[in-house]
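*Asks:* Before we start, here is the structure in question, set down as structure tokens.
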Amino acid sequence: MKRLSEIGTGTVARILSFENNDLFLKLMEMGCVPGELVKVEQIAPLGDPISITVAGYNLSLRLNEADNIFVEELGIR
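In full-length UniProt numbering, the protein residues as written are 1 to 77.
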């Protein structure tokens with residue numbers, strides 16, 4: 001199990017859980033729900049923000065938001 005902020009560009013992962021319950025509702029409203037596949041599309045040069053695709057949508061997450069999402073890395077696609 002890794003944090004979303006720890007996986008590289010092009011990597012697909014499955015969302016497992018969230019660390020911070022305060023962000024849980026906000027992330028769920030954006031489509032980040034447990035079981036959903038997420039792909040890291042781009043990482044800014046300083047690591048913040050991170051561009052992802054989840055549930056068919058492109059989202060930008062702050063590093064602290066991505067730090068709160070635990071994922072299972074599935075590989076590069």
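The beta-carbon is built from N, C-alpha and C at its ideal position, and this holds for glycine as well. All of these numbers come straight from a predicted model, not from anything done at the bench.
(1) What are the boundary residues of the beta strand (DSSP E) that includes Asn58?
(2) Just list the beta strand (DSSP E) runs in the UniProt domain "Ferrous iron transporter FeoA-like" (2-73), keeping only unbroken ones of 3 residues or longer that don't cross its boundaries, in chain order.
(3) Below 8 Å on the Cβ atoms is my guess for Leu27 versus Glu73; work out the distance and round it to an integer in Å.
(4) So the candidates are Ile76, Val71, Arg77; which of them puts its Cα closest to the Cα of Arg3?
(5) How big is the Cα-Cα spacing for Leu23 and Pro49?
(6) What is the rounded straight-line gap between the Cα of Ile52 and the Cα of Glu41?
*Replies:* With the given structure in hand:
(1) As a working mapping, residue 58 is identified with position 58 in the sequence shown. According to the DSSP assignment, Asn58 belongs to the beta strand (DSSP E) that extends over 57-61.
(2) For the UniProt domain "Ferrous iron transporter FeoA-like" (2-73), the full-length beta strand (DSSP E) segments reaching 3 residues or more read 11-18, 37-43, 50-54, 57-61 along the chain.
(3) Here residue 27 refers to the residue found at position 27 when the sequence shown is read from its first residue. Here residue 73 refers to the residue found at position 73 when the sequence shown is read from its first residue. That belief does not hold up - the Cβ atoms of Leu27 and Glu73 are roughly 18 Å apart, past 8 Å.
(4) By one-based count along the sequence shown, residue 3 stands at place 3. For the residues Ile76, Val71, Arg77, the minimum Cα distance to Arg3 belongs to Val71.
(5) Residue numbering aside, residue 23 sits at position 23 when the sequence shown is read from its first letter. Residue numbering aside, residue 49 sits at position 49 when the sequence shown is read from its first letter. Straight-line measurement puts the Cα of Pro49 at about 16 Å from the Cα of Leu23.
(6) Along the sequence shown, one-based indexing puts residue 52 at 52. Along the sequence shown, one-based indexing puts residue 41 at 41. Those two C-alpha atoms are separated by around 5 Å.
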